[in-house]
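**Student:** Line by line, the protein sequences are chains A, B, C and D.
The numbering of the first sequence is the numbering used here, which starts it at 20 and goes up by one.
The numbering of the second sequence is the numbering used here, which starts it at 20 and goes up by one.
The numbering of the third sequence is the numbering used here, which starts it at 20 and goes up by one.
The numbering of the fourth sequence is the numbering used here, which starts it at 20 and goes up by one.
Cβ coordinates follow ideal geometry from the N, Cα and C atoms, glycine included.
Predicted, not measured: the structure shown is a model, and the values here were computed from it.
Please see the structure below; I have some questions.
There are 4 protein chains.
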Amino acid sequence: MVEEMEGAPLSIGGTALSSRLFIGTGKYGNDSLIPDVVRVSGAQVITVALRRVDFAAQHDNVMQHIPEGMRLLPNTSGARTAQEAVRIARLARAAGCGDWIKIEVIDDSRYLLPDGYATAKATEQLVKEGFTVLPYINPDLYVARSLVNAGAAAVMPLGAPIGSNRGLKTREMVRILVDEIDVPVIVDAGLGLPSHACEAMELGADACLVNTGIASAADPLRMAAAFAAGVQAGRDAWLAGRGVSSAQAQASSPLTGFLDG
Amino acid sequence: MVEEMEGAPLSIGGTALSSRLFIGTGKYGNDSLIPDVVRVSGAQVITVALRRVDFAAQHDNVMQHIPEGMRLLPNTSGARTAQEAVRIARLARAAGCGDWIKIEVIDDSRYLLPDGYATAKATEQLVKEGFTVLPYINPDLYVARSLVNAGAAAVMPLGAPIGSNRGLKTREMVRILVDEIDVPVIVDAGLGLPSHACEAMELGADACLVNTGIASAADPLRMAAAFAAGVQAGRDAWLAGRGVSSAQAQASSPLTGFLDG
Amino acid sequence: MVEEMEGAPLSIGGTALSSRLFIGTGKYGNDSLIPDVVRVSGAQVITVALRRVDFAAQHDNVMQHIPEGMRLLPNTSGARTAQEAVRIARLARAAGCGDWIKIEVIDDSRYLLPDGYATAKATEQLVKEGFTVLPYINPDLYVARSLVNAGAAAVMPLGAPIGSNRGLKTREMVRILVDEIDVPVIVDAGLGLPSHACEAMELGADACLVNTGIASAADPLRMAAAFAAGVQAGRDAWLAGRGVSSAQAQASSPLTGFLDG
Amino acid sequence: MVEEMEGAPLSIGGTALSSRLFIGTGKYGNDSLIPDVVRVSGAQVITVALRRVDFAAQHDNVMQHIPEGMRLLPNTSGARTAQEAVRIARLARAAGCGDWIKIEVIDDSRYLLPDGYATAKATEQLVKEGFTVLPYINPDLYVARSLVNAGAAAVMPLGAPIGSNRGLKTREMVRILVDEIDVPVIVDAGLGLPSHACEAMELGADACLVNTGIASAADPLRMAAAFAAGVQAGRDAWLAGRGVSSAQAQASSPLTGFLDG
């Protein structure tokens with residue numbers, strides 16, 4: 020978590036962001052929904068798998084659906100090694116996608132879990148090349164530290180496996196990253212409902228990235244609005260400072276009988 | 020839960036409510052905060068313990084802090100029997116508090132749990148007298164049914180003991196009420212964070228009542244805004260229809276390696 | 020929960036029981052498994068739905084599979100009113116099933132939840148007739164109190180709906196009953212795994228009743244042994260007094276580096 | 020998890036173990052309790068921090084309390100780097116503690132979380148030197164894989180921070196290790212109650228190591244027995260194959276009214 024003035028916008032790589040909900044572009048039945056999802060969610064950052072981009076195609080290209088002014092966060096989905104991630108990042112920049120990059124290095128076809136060590140190597144290289152690097156990680160304190168040392172602009176710990184909609188199953192470890200890490204902590208993957216994102220923000224996460232939770236809803240636009248509200252609710256609750264919780268009841272008003280005396 | 024047209028306002032006793040967050044007046048360090056909490060939360064319904072109202076006092080009366088136009092929901096806090104609840108309700112109406120009444124019959128000083136049978140008796144009587152009755156209950160299917168049969172305008176199952184901020188500990192039973200009960204289900208008590216209220220709404224609850232969660236926060240105004248957003252997020256998610264959750268990962272994009280071939 | 024000397028056996032209606040695992044007879048693919056389940060589980064109390072007993076049948080009668088010496092706990096499954104429960108209890112006694120009776124009054128075909136008020140009425144009547152009454156209830160403090168006042172020998176709150184294998188979803192309320200009720204608290208229904216039963220016992224429950232969790236396992240005999248061990252583990256943990264839990268780590272050994280100095 | 024014949028003993032580094040509960044030696048008020056804890060728990064493997072061993076002392080040496088015939092598992096607690104862990108392991112073997120070693124490399128004083136990369140380096144070295152290596156890890160799939168490739172005899176993922184008694188907070192990731200890793204998975208740290216250990220075993224973990232959960236109980240001997248039973252219960256449940264869990268109720272007996280017709 021970053022220490023900042025209360026109510027200050029999130030800052031990533033020198034860019035101030037008023038929205039703390041990042042969104043994705045995968046799994047939409049129809050990519051033409053994307054502009055409306057962007058509008059309704061208020062998101063300012065959108066991730067796209069570079070391999071889904073067919074730069075030759077005039078039509079049927081996910082890029083054509085991303086509104087002007089969005090901060091593009093290309094990701095290295097499909098990379099199985101640090102080298103592959105580095106190559107994809109360079110391709111993204113060369114293709115005009117800018118210098119932000121979300122590193123995903125995944126060599127696990129079943130749970131799509133990220134390889135922390137390879138991610139750290141790719142981060143180190145890409146930071147040297149001037150990228151603003153946001154790595155997707157298992158919430159491991161040492162991996163997060165090594166990424167901060169390598170110059171990562173944020174860390175993106177998973178809440179649950181990609182696309183699983185299972186919620187903040189890594190709560191205990193995300194809480195530790197929030198305590199211990201001095202770059203923004205952006206929870207990414209597994210958040211299937213707004214209450215999941217809200218819970219992450221209440222713990223002190225700096226932002227959330229949601230793709231499947233929105234794209235797989237029956238009504239993605241309404242779900243996008245719901246996630247935006249959930250993230251805002253959790254952020255405000257974190258800033259507001261929750262009351263204590265207690266095992267017994269605490270009366271809202273004096274306990275003497277009303278009709279006594 | 021009530022079946023209704025998507026996006027329709029909540030209707031209680033014939034009154035349409037656009038806000039699904041009800042608030043309370045207890046436990047504020049300074050009651051003069053209440054008008055701002057009302058404003059920020061967007062709440063249209065506010066509950067007040069009749070015993071806290073000193074109608075003789077010109078000053079230092081919680082009533083003076085409740086803005087015009089709010090739907091007042093006096094409660095029978097302090098009642099230990101059905102008869103006491105009925106008497107308090109009548110006093111409330113005679114004092115000009117209107118004909119809505121939240122019945123609380125509590126004969127348990129430690130956990131402040133409601134007595135379902137006594138609550139049903141008081142409800143039956145007060146409905147006959149023309150009150151719009153919202154009873155506070157343990158989430159028990161038979162108690163809820165008997166209240167519906169007695170003419171209750173809604174049921175208010177607890178999430179956890181009053182003032183405990185513990186969250187939706189009765190999730191399983193609230194879910195059953197939502198499935199089985201045809202009047203609005205308003206989760207009341209124990210919701211300490213916006214994610215708790217959001218979760219209740221995602222399950223299909225029709226509204227939430229929050230007092231301690233807001234009043235005990237370090238910054239009650241910001242927490243009021245947070246709860247308002249959390250309730251809205253949960254409502255929208257319920258309407259949007261969540262995606263399925265799965266034990267394994269579901270890739271957002273094709274799994275073949277990007278750099279293959 | 021009953022206060023008792025540490026290590027003392029459970030006492031129900033004057034009968035001392037060394038085993039705190041009660042079992043059921045429903046849902047076995049083959050009732051001839053029952054004697055082995057009894058043996059392996061070490062159970063001393065077994066419940067049987069009277070309606071499953073065909074006293075005329077020489078064969079294919081669940082009763083023939085219940086070993087000698089077991090305490091029979093006939094239940095009133097199928098009763099939808101207090102009167103029906105009372106009639107079934109009387110039939111059970113007349114048929115030689117003894118004077119213990121588990122009252123189930125269920126008028127809900129979907130979740131099979133018990134009707135607390137009707138259960139209390141049946142309990143009152145049957146206690147007067149000399150039965151040892153163990154009522155199945157939703158974990159509601161007032162229902163439990165009224166049952167104690169009516170002379171119930173124990174209360175049997177549900178962990179989750181019958182047969183659902185969902186675990187101790189009512190944990191918060193069971194904990195309150197353990198604190199507040201002075202007859203044995205026997206968690207009944209929904210316990211699908213030994214860890215669920217263990218958790219109930221760790222909270223201070225006096226015993227557990229398990230049917231579906233055992234009968235629906237691929238290997239019911241091994242699962243019966245597992246539940247017996249889980250109940251014993253939880254009971255011992257309760258008696259042993261757990262250590263505190265903490266948000267941070269607590270080193271098992273001094274934290275100065277081993278190789279320092 | 021290792022695939023094995025049902026009911027076969029756990030095998031670690033060629034040693035067959037009938038007990039799946041490993042214990043520790045830290046935090047006992049009085050180390051003279053240890054022999055009784057060993058006896059009651061049935062444990063065959065016991066871990067000891069080498070830095071707590073004062074080989075010069077005739078008395079007040081934790082080693083003198085460890086019964087003959089126990090498999091000693093010295094640990095490298097206090098090591099902050101791979102090199103330190105390797106040196107401690109060599110010292111342990113030189114001191115006659117045998118060739119099993121539990122690697123802990125911790126450079127985090129607040130949560131005592133293990134450094135996966137350094138642990139992998141130490142493992143690689145020590146396996147070459149003929150040790151039977153059991154590394155303590157955050158449940159990360161890639162770290163676990165690299166340890167298996169390096170020749171680790173087992174992996175020991177944490178349930179929660181050391182000494183926290185918080186339970187199996189890493190459930191989701193431990194479940195994945197059980198699915199994906201072909202050496203024994205031994206859950207170590209954070210298990211504060213028998214139900215926690217039972218849950219880990221029900222998921223398919225091969226064993227559990229418990230220290231604080233036992234040592235911090237008011238009655239450590241009874242708690243040791245409780246954990247032994249909990250581990251056995253969970254193992255048997257895993258072997259027995261649990262029934263399905265369902266959102267609604269599943270009647271144990273036919274649902275037609277008993278007194279109908």
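Do residue 270 of chain A and residue 195 of chain B count as a contact pair if the criterion is CB distance below 8 Å?
**Tutor:** Their beta carbons are not under 8 Å apart, which means residue 195 of chain B does not touch residue 270 of chain A by this criterion.
**Student:** Alpha carbon to alpha carbon, how far is residue 185 of chain D from residue 216 of chain D?
**Tutor:** Each residue's Cα considered, the two are about 11 Å apart.
**Student:** Taking buried to mean at least 16 other C-beta atoms within 10 Å of its own C-beta, is residue 59 of chain D buried or exposed?
**Tutor:** Buried.
**Student:** For chain A, find out if any of its Cβ atoms is closer than 8 Å to the Cβ of residue 42 of chain D; answer yes or no.
**Tutor:** Chain A, which has no Cβ nearer than 8 Å to the Cβ of residue 42 of chain D, makes this no.
**Student:** Excluding five sequence neighbours on each side, which residues of the same chain lie with their C-beta closer than 7 Å to the C-beta of residue 8 of chain D?
**Tutor:** No information on residue 8 of chain D is available, as it lies outside the stretch 20 to 280 that chain D covers here.
**Student:** So with Cβ pairs under 8 Å, would you call residue 143 of chain C a contact of chain B?
**Tutor:** Not an interface residue.
**Student:** Starting from the beta carbon of residue 134 of chain C, find every residue of chain B whose beta carbon is closer than 8 Å, and list them in chain order.
**Tutor:** Here the neighbours are 161.
**Student:** According to DSSP, is residue 270 of chain A helix, strand or coil?
**Tutor:** If DSSP states are grouped into helix, strand and coil, residue 270 of chain A belongs with coil.
**Student:** Using the beta-carbon count (16 or more within 10 Å), is residue 39 of chain A buried or exposed?
**Tutor:** It is buried - the Cβ of residue 39 of chain A has at least 16 other Cβ atoms within 10 Å.
**Student:** In its own chain, which residues sit with a C-beta less than 6 Å from the C-beta of residue 140 of chain C, not counting the 5 before and 5 after it?
**Tutor:** The residues are 101.
**Student:** Report back the beta-carbon spacing between residue 143 of chain A and residue 133 of chain A to the nearest angstrom; my notes put them in contact at under 8 Å.
**Tutor:** That belief does not hold up - the Cβ atoms of residue 143 of chain A and residue 133 of chain A are roughly 16 Å apart, past 8 Å.
**Student:** Give the interface partners of residue 180 of chain C over in chain D, defined as CB-CB distance under 7 Å, in chain order.
**Tutor:** In chain order: 267 and 268.
**Student:** Give the straight-line distance between the Cα atoms of residue 9 of chain A and residue 30 of chain A, rounded to the nearest whole angstrom.
**Tutor:** What the structure shows of chain A is the stretch from 20 to 280, and residue 9 of chain A is not part of that stretch, so it cannot be assessed.
**Student:** How many Å lie between residue 238 of chain D and residue 44 of chain C at the Cα?
**Tutor:** Rounded to the nearest angstrom, the two C-alpha atoms are 36 Å apart.
**Student:** Quick check: the Cα distance between residue 95 of chain D and residue 116 of chain D, rounded to an integer number of angstroms?
**Tutor:** One C-alpha to the other measures close to 12 Å.
**Student:** When DSSP labels each residue in this structure, what does residue 41 of chain C get in the three-state scheme?
**Tutor:** DSSP places residue 41 of chain C in strand when its eight states are reduced to three.
**Student:** Check whether the Cβ of residue 221 of chain B lies closer than 8 Å to any Cβ atom in chain C.
**Tutor:** Not closer than 8 Å to any Cβ of chain C, the Cβ of residue 221 of chain B fails to qualify, so no.
**Student:** Which complete beta strand (DSSP E) runs does the stretch 89-128 of chain B hold, if anything under 3 residues is left out?
**Tutor:** Runs found: 90-94 and 119-122.
**Student:** Please report how far the alpha carbon of residue 112 of chain B lies from the alpha carbon of residue 41 of chain B, in whole angstroms.
**Tutor:** Distance between the alpha carbons of residue 112 of chain B and residue 41 of chain B is about 20 Å.
**Student:** Note down, in chain order, every chain B residue with its Cβ under 7 Å from the Cβ of residue 157 of chain A.
**Tutor:** Result: empty, since nearest Cβ-Cβ is about 13 Å, beyond 7 Å.
**Student:** Got a sec, what are the start and stop residues for the beta strand (DSSP E) residue 66 of chain B sits in?
**Tutor:** From DSSP, the beta strand (DSSP E) with residue 66 of chain B extends over 64-68.
**Student:** Whose Cβ in chain B lies nearer than 8 Å to the Cβ of residue 263 of chain A?
**Tutor:** What residue 263 of chain A touches in chain B: 184 and 235.
**Student:** Relative to the alpha-carbon of residue 234 of chain B, which residue among B/34, B/27 and B/53 has its alpha-carbon at the smallest distance?
**Tutor:** That would be B/53, whose Cα lies nearest to the Cα of residue 234 of chain B.
**Student:** When the Cα of residue 266 of chain D is compared with those of C/207, C/88 and C/179, which residue comes out closest?
**Tutor:** Cα-wise, what sits closest to residue 266 of chain D is C/179.
**Student:** Quick check for students: name the residue ranges of the alpha helix (DSSP H) that lie wholly in the stretch 137-213 of chain C, counting only runs of 4 or more.
**Tutor:** Counting only runs of 4 or more, we get 160-169 and 190-199.
**Student:** Name, in chain order, the residues that DSSP records as bridge partners for residue 59 of chain C.
**Tutor:** Paired residues: none, contrary to the question.
**Student:** Residue 207 of chain B to residue 220 of chain B, Cα distance in whole Å?
**Tutor:** Roughly 12 Å between the two C-alpha positions.
**Student:** How many Å lie between residue 212 of chain A and residue 120 of chain C at the Cα?
**Tutor:** Rounded to whole angstroms, residue 212 of chain A to residue 120 of chain C spans 45 Å at the Cα level.
**Student:** Report the rounded CA-to-CA distance for residue 251 of chain D versus residue 225 of chain D, giving the unit in angstroms.
**Tutor:** Their backbone Cα atoms lie some 11 Å apart in a straight line.
**Student:** Could you tell me which residues DSSP pairs with residue 226 of chain C in its beta bridges?
**Tutor:** C/205, per the DSSP bridge assignment.
**Student:** Which partner residues does residue 31 of chain B have in the DSSP bridge list?
**Tutor:** B/34.
**Student:** Taking only three categories from DSSP, how would you classify residue 86 of chain A?
**Tutor:** Correct three-state label for residue 86 of chain A: coil.
**Student:** Out of D/129, D/171, D/90 and D/183, which one is the CA nearest neighbour of residue 263 of chain C?
**Tutor:** When only C-alpha atoms are compared, the closest one is D/183.
**Student:** Could you say which of B/97, B/210, B/192 and B/189 lies nearest to residue 131 of chain B if we only look at CA atoms?
**Tutor:** When only C-alpha atoms are compared, the closest one is B/97.
**Student:** Between residue 207 of chain B and chain E, is the shortest Cβ-Cβ distance under 8 Å, so that the two count as touching?
**Tutor:** Checking the listed chains, one finds no chain E in this structure; the protein chains it contains are A, B, C and D.
**Student:** Ends of the alpha helix (DSSP H) at residue 250 of chain B?
**Tutor:** Segment 239-259, the alpha helix (DSSP H) holding residue 250 of chain B.
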